[in-house]
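Chemist: Quick one: the structure is below, questions incoming.
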Amino acid sequence: MEKILMKGNEAVAEAAMRAGCRLYFAYPITPQSELIEYMAKVMPKVGGTFLQAESEVAAINMVYGAAGSGKRVMTSSSSPGISLKQEGISYIAGAELPAVIVNVQRGGPGLGDIQPSQADYFQATKGGGHGDYRLIVLAPSSVQEFADMASEAFDLADKYRNPVLILADGMLGQMMEPVEFKPIMTQEEIDELGKQHTSWCICPNADGDAKHHHEINSLELDPSVLEKHVLQMYEKYAVIEKNEQRSEIFNVSDDNEVLCVAFGTASRIVKSAINELKKEGKSVGLVRPIRVWPYPYAAVAAAIGPKVKQVYVFELNTGQMLDDVKIAVCGKAPVNFWGKVGGIVFTPAEIQAKLEACF
Amino acid sequence: MEVIAKRPETLTKTPFTYCPGCLHGVAHRLIAEAIEEAGLINQMAGVAPVGCSVFAYKFFNFDMAQAAHGRAPAVATGMKRARPDMHVFTYQGDGDLAAIGTAEIVHAANRGEKMSVFFVNNAIYGMTGGQMAPTTLPNMKTTTSPYGRNVDDIGYPIRVCELLDTLVAPYYIERVSLLSPADIIKAKKSVSKVIQYNKENRGFTFIEFVSTCPTNWGIDPVKSRDWAKENMLPFFKPGLFRDKGAEEVKS
Amino acid sequence: MTTEMICAGFGGQGVLTIGKFIAKAGMQEGRNVSWLPSYGPEMRGGTANVSTVVSDDPIASPIVSYPDVLVALNQPSLDKFAPSVRKGGVIILNTSMCPHGCQRDDVEIVAAPLSDIAVEIGNTMVLNMLAIGIVIGKTNLIKYETMEEDLTSFLKAKNPDLLEMNLKAIKRGMEIGKEHG
Amino acid sequence: MPRMTVDPYYCKGCGLCIAACPKKIIRFSEDINAKGYHYAECFKQEDCIACKMCFMTCPDVAIKIEK
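Protein chains in written order, with our numbering: chain V, 61 to 419; chain C, 1015 to 1265; chain S, 3 to 183; chain D, -3 to 63.
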């Protein structure tokens, strides 16, 4: 398949459609508007449903309904809109429904601005909504990866019956890079996928089974029953933590004197700085969590080489992933942090200067 | 020589961030002038929405709050209840007021909150780049109704004045146009009346402005007014729906 | 080899398109590319800029700190980005809208009244094609043939006159770029 | 004598005042302002009748009328 030059927002929409998503509900917000606009164009062409909801609150509840009906469904928004969706996301997690949510993050708090940010890391990985639950959180760093993560997200959501969040940002949404797509899933394949949910989802009682009664629900007033349900969910999360950690290592070797940790957009910029430092004969490695929940603690720990004097975390926030890195490093090296906030993205030159100061 | 028309003191010196020919500026001026003329500059507070007019708090030269999307009537309710001696209004676009904020506007109106709501209807989402609004006309193409608004799928545009007119509590409801100098002069009278009612704490007052979006409609500012006259006014008919003040005078 | 480029100007001058065409051509020539616009809530009339990277290697940061090539279509853009251009880099500036010029003496400067030349060719709209032509003539970053192929594929049927005018602008730009070589 | 003046600082060159003027004495200037717009200007002050139509229609409140 040929490469197409596309914005991240458009690429993830196209990829979701190709991965069998035929239901999409959302509300416009910058900088993810190209995503909803792309879906408005493409969904009618493939017989899918595009619906611009009256609000993010309505959109996520439409997702709840569609996911409860066992279909591949997606919504997307940007930071303030994702905050509005949190109640619904908690319901989806509590009811153990598969759904995909895309957050094209922008500067906050409040209405903030519309520039790229990573300030929703806590919200994405530590809860966001109320109650004990987890989202699987994928953190792309290129347009290609953003697109690839659409099908990955649906597969994970189906496999674990859990909402999956793709944590992108304004830069990934707005930038264009060449992207290659997987083939469009056929209707037969989509129908086949849907069958894995027919034992529990809202669906017609085709066999006229007298016992057919499926409930989509997150309410359980009996504490002992709710406790059992939550603990079962946590058993599931333990399996996810064991099997689903993903990370990339870049220039990691025993020569490293500094080990960087960065995800998403920030990691791209750190890579540029590392390339420049290489020319100066300075050895710096990078661990990039590809998924930020479950967090790749083991990979970060393993990348700390014998000469590493310092672990340096770079984020477009005030240090939200820093806590996870500290858990991973576990006192083996000092952990330093530098971040930019308010929608300002650091430049390769700035990161280079920060790293040079470590030598 | 005497200055007979100029920028009112109730507007700051900050230039509007709207696109060339966007009529938000006209609505701003009418409200600002009416507040100045009513002598309310020190007792008035406004609430800015999310959307193109999100920066309205920078343009009005009195206290302003900026609300989360659609929640301006709730924020204004809180302000008015906390400080009954203040006079409050909200300024909202069609996405903010008639989509995500439908619940807030209906319930603020239904409670008869003593506030004014200025609602600008241009049938599109401007700030985010031309998506379909709850007031987008049938068959009208936008970036999220690329094949035209299909009323069988997404429903008809919402007529907010008519909707609010079903409630008992509202004190004043009117739809005006900003599409010609004559319409603007007429609209000014309505705005002044509403601000006067607001000053007297009469009740919930509501004005809808039929406006344009030259940028997202892709029509130049002058022609976009003609387009709106031809296409919007038949569906969103200007007129007075409710004026309890006039009824009181009669009886 | 990696070339990092910034194009900047008033909204409406087509700077985003300059970057887009160059990125697309680079991609069609089998190279890695990225295109990153600045974006804002004011729909029209503001300033716009775009970072474009064309590279033989995977592109790390799409954000450009030190451009190898700067296309500045007005004075505010030139003032903002000229100081960061790499030593020995290229600044292409539109003298029609850069009355104060550029003070750097350690870079190559291609200065021409691009807005005026665009009007001469037939339409201010071809300003961006002119700029692309200069980039090709000066740096060989992409091939003329790739641009011609790309433009032909979507303009030939729709608007052959516009196609011709665009190609003319690119060729004229290439001449300007070569003259300054 | 009546007089209308446009403040180029505010004007965005939308042309609504030009359309509104009954005496047709407003045009776009040759110059551009800091934002890059050809702003509106009155080229025949002596014909101005201070009707305020331009002021009424100006969305950027850039016009002053004196009489």
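By construction, the Cβ of each residue, glycine as well, lies at the ideal position given by its N, Cα and C atoms.
Is it buried or exposed for C1033/C, if we count other Cβ within 10 angstroms and need 16 for buried?
Modeler: buried
Chemist: Of all Cβ atoms in chain D, is any one closer than 8 Å to the Cβ of F12/S?
Modeler: Closer than 8 Å to the CB of F12/S there is at least one CB belonging to chain D.
Chemist: May I ask which residues mark the beginning and end of the beta strand (DSSP E) holding M0/D?
Modeler: Per DSSP, M0/D belongs to the beta strand (DSSP E) from R(-1) to V2.
Chemist: How would you list, in chain order, the residues of chain C whose beta-carbon sits under 7 Å from the beta-carbon of P104/V?
Modeler: Y1161
Chemist: Which residues in chain V sit within 9 Å of I1/S, going by Cβ to Cβ distance?
Modeler: No answer is possible for residue 1/S: it lies beyond the span of chain S, which begins at 3 and ends at 183.
Chemist: Under a CB-based cut-off of 8 Å, is G32/D close to chain S?
Modeler: yes
Chemist: Please return the same chain residues whose Cβ sits closer than 6 Å to the Cβ of D1197/C, not counting the five positions on each side in sequence.
Modeler: S1191
Chemist: Counting only the same chain and skipping the five closest in sequence on each side, list residues whose C-beta sits under 8 Å from that of A358/V.
Modeler: Q305 and A388
Chemist: Would you mind reading off the limits of the beta strand (DSSP E) that contains D229/V?
Modeler: P223 to D229
Chemist: May I ask you to list the residues that DSSP assigns as paired with P158/V?
Modeler: Answer is none; P158/V lacks a bridge partner.
Chemist: Using DSSP with H/G/I as helix, E/B as strand and the rest coil, what is Y220/V?
Modeler: It is helical.
Chemist: Counting only beta-carbon separations shorter than 8 Å, does K1020/C have a partner in chain D?
Modeler: Closer than 8 Å to some Cβ of chain D, the Cβ of K1020/C qualifies, so yes.
Chemist: If you follow the beta strand (DSSP E) that V312/V is part of, which residue opens it and which one closes it?
Modeler: No beta strand (DSSP E) contains V312/V, which DSSP labels as neither H nor E.
Chemist: Would K170/S pass as an interface residue toward chain V - the criterion being a Cβ-Cβ separation below 8 Å?
Modeler: With its beta carbon at least 8 Å from every one in chain V, K170/S lies outside the interface.
Chemist: Closer than 7 Å by C-beta to I28/D: which residues in its own chain qualify, once you throw out the five before and the five after it? Chain order, please.
Modeler: Cβ neighbours of I28/D beyond the five flanking positions: H34.
Chemist: Which residues of chain C have a Cβ atom closer than 8 Å to the Cβ of Y87/V, listed in chain order?
Modeler: A1113 and I1114
Chemist: Just mark A88/V as buried or exposed, buried being the case when its beta carbon has 16 or more other beta carbons within 10 Å.
Modeler: It should be noted that the sequence gives Pro, not Ala, for residue 88/V. Label assigned to P88/V: buried.
Chemist: Using the Cα positions of M45/S and G1035/C, report the straight-line distance between them to the nearest angstrom.
Modeler: Annotation note: pLDDT 45 at M45/S (below 50); position unreliable, no value reported.
Chemist: Going along chain V in order, which residues have a C-beta closer than 9 Å to the C-beta of P1148/C?
Modeler: E114
Chemist: Using the rule of at least 16 other Cβ atoms within 10 Å of the residue's Cβ for burial, across every protein chain shown, is I93/S buried or exposed?
Modeler: buried
Chemist: Does the beta carbon of D56/D sit closer than 8 Å to a beta carbon anywhere in chain C?
Modeler: Closer than 8 Å to some Cβ of chain C, the Cβ of D56/D qualifies, so yes.
Chemist: If you measure between the beta carbons of Q1106/C and S93/V, is that distance less than 8 Å?
Modeler: No; because the gap between Cβ atoms is not below 8 Å, this pair is not in contact.
Chemist: Run down chain S in chain order and give the residues with a C-beta less than 8 Å from the C-beta of N335/V.
Modeler: A62
Chemist: Tell me, which residues are paired with H1101/C by DSSP?
Modeler: M1058/C
Chemist: What residue range is occupied by the uninterrupted alpha helix (DSSP H) comprising E62/V?
Modeler: E62/V -> no alpha helix (DSSP H), and no H or E assigned at all.
Chemist: DSSP state of G1053/C, grouped into three classes?
Modeler: coil
Chemist: Could you work out which residue in S115/V, W260/V, D384/V and K255/V is closest to I142/V when comparing CA atoms only?
Modeler: S115/V
Chemist: What does DSSP give as the partner residues of C9/S in its beta bridges?
Modeler: V52/S and V73/S
Chemist: By the three-class DSSP mapping on this structure, what secondary structure does Q15/S have?
Modeler: Here Q15/S sits in coil by DSSP.
Chemist: Just tell me which of V385/V, I350/V and K342/V has its CA closest to the CA of R328/V.
Modeler: Shortest Cα-Cα distance from R328/V to any of V385/V, I350/V and K342/V involves I350/V.
Chemist: Terminal residues of the continuous alpha helix (DSSP H) containing V389/V?
Modeler: L382 to V389
Chemist: What does V1064/C touch in chain B if you count any residue whose Cβ is under 7 Å from its own?
Modeler: This model lacks chain B altogether; the protein chains it does include are V, C, S and D.
Chemist: Roughly how many angstroms lie between the CA atoms of M103/V and A1052/C, to the nearest whole one?
Modeler: 52 Å
Chemist: With 7 Å as the C-beta to C-beta threshold (strictly closer), list the residues of the segment 24 to 36 of chain S near chain V in chain order.
Modeler: A25, K26, M29, V35 and S36
Chemist: Mapping the DSSP letters down to three states, classify M3/S as helix, strand or coil.
Modeler: coil
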